[in-house]
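Q:
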Amino acid sequence: MTSAWPRLLLPLALGIFSLPLLAAAMQLLISTVCRTAKEAQTYLSLIVFLPMGIGLFLVFFPAAIRAWRSFLPIVGQQAQLELLMKGSQIQILPSFVLGCLTLSVAILILLAAANRLQRDEIIYGD
382 MTSAWPRLLL PLALGIFSLP LLAAAMQLLI STVCRTAKEA QTYLSLIVFL
432 PMGIGLFLVF FPAAIRAWRS FLPIVGQQAQ LELLMKGSQI QILPSFVLGC
482 LTLSVAILIL LAAANRLQRD EIIYGD
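Be aware that the sequence shown starts at 382, since it is given in the numbering used here, and climbs by one per residue.
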């Protein structure tokens, strides 16, 4: 009997491993937008609820997941994890597209944060 992990590892790597990069990019952008460390900590602690809220929404309204929504960052990863928990087959192509879209959103957010970090008032303060 062969293990199912080798055939699940590639789709999971393609679709889900880009999500921490998106989270780190969002944290960097939030930290550059805020004026004080306390304000940044408040926003960063609140942004943790975004994936949890999306997950709860998808649990209580499972019909809300349509085919095109599984390609959205965070929503698509939630859908992939749900398929994994159900024991369903995870396709490679949608996982690859989801990973590329999530990575491209993370790059756009990093570019916005890099643009903010080039300003002198961000580096040295007001």
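All residues carry an ideal CB built from backbone N, CA and C; glycine is no exception.
Only a predicted model underlies this, so the values are computations on that prediction, with no experimental measurement involved.
#1: Here's the rule I'm using: 16 or more other beta-carbon atoms within 10 Å means buried, otherwise exposed. How should residue 451 be labelled?
#2: Would residue 493 and residue 402 qualify as a contact pair, given that the criterion is a beta-carbon distance under 9 Å?
#3: Exposed or buried, what is residue 510 when buried is set at 16 or more other beta-carbons lying within 10 Å of its beta-carbon?
#4: Suppose only complete runs of 4+ residues qualify. What are the alpha helix (DSSP H) ranges in the segment 415-485, listed by chain order?
#5: Check residue 399 in the structure and name its three-state DSSP category.
A: The relevant details are as follows:
#1: To locate residue 451, count along the sequence shown from 1; it is residue 70. That one is buried.
#2: Translated into the one-based positions of the sequence shown, residue 493 becomes position 112. Translated into the one-based positions of the sequence shown, residue 402 becomes position 21. One thing to note: residue 493 has its Cβ no nearer than 9 Å to the Cβ of residue 402.
#3: Outside the modelled stretch of the chain, which goes from 382 to 507, sits residue 510, for which no answer is possible.
#4: Taking only runs of at least 4 residues, the alpha helix (DSSP H) segments lying wholly in the segment 415-485 are 418-428, 430-441, 456-467.
#5: Within the sequence shown, the letter at position 18 stands for residue 399. The DSSP-derived three-state label of residue 399 is coil.
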